[in-house]
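In full-length UniProt numbering, the protein residues as written are 1 to 173.
Below, the structure is given as C-alpha cells:
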C-alpha cells in the first residue's frame, strides 16, 4: 500500500470515529437519568446525587428565578425545597451554558416539570435569550394572573439584577 493510500485510510477511519463520537454524545444528552435532590442552591439550581455516586449542581434549563436577595428569590428556593429536597427525580442533562453551568430538565414523579411549576407560581422568568414557546406561554399566564413576582409593578429580571450588581462592584473597586 502506498503512503498516500495509507493516509486516505487513516483519514477515513478518523472521520468515522468522529461521526460515532458525535452520535454517542447526542444520545447521551437524550438519556433520562435518575437522581436524588440533595440540596437546593437557589430558585433554579439543584444539587443532584446520581446512582453512580456523582454529585453536582444543575440549573433548570430555559428559566431564571430571582436571585436570593431579590423579591421572590427565597420563595422560589423554598418552593423547590418543599417539592424536591431528598426526593428522587428524573433528569435530562442538556449540556452546559456559556458560563459552564450544567443545564437540565428535571421531573418529579417522572411527569411534573419543575420549570413549569416555578413559572406557574410566578417564581421564575423564561430564559432571556430564545425562550421556549411552551414555557413562555406558562409565564404569560402567571403574569396575567398576577402570581408571585408578577404582583410587583415592574419586577427586575435576574439577568438585569446581576448586571447591575457587577457594575456596582466594578465602581466600588
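Ideal Cβ placement from N, Cα and C applies to all residues, glycine included.
Quick caveat: nothing in here was measured; it's all calculated off a predicted structure.
Taking residue 148 as the centre and dropping the five residues before and after it, the same chain places the C-beta of 72, 121, 122 and 123 closer than 6 Å to its C-beta, in chain order. Three or more Cβ pairs drawn from the segment 62-78 and the segment 34-43 lie within less than 8 Å of each other, which places the two stretches in contact. In the DSSP annotation of this structure, residue 68 is not part of any beta strand (DSSP E), being labelled neither H nor E. 92 is the residue among 158, 105 and 92 whose C-alpha sits nearest the C-alpha of residue 31.
The beta-bridge partner set that DSSP reports for residue 126 consists of 63.
In this structure, DSSP gives residue 107 an extended state, which the three-state scheme calls strand. Counting along the chain, no alpha helix (DSSP H) covers residue 95; the unbroken beta strand (DSSP E) around it starts and ends at 88-96. Between residue 102 and residue 60 a beta carbon distance of about 11 Å is seen, past the 8 Å cut, so the two are scored as non-contacting.
Collapsing the DSSP output to three states places residue 54 in coil. Shown here, residue 132 sits in coil according to DSSP, grouped into three states, outside any helix or strand.
In terms of Cβ geometry, residue 47 and residue 57 form a close pair [threshold 8 Å].
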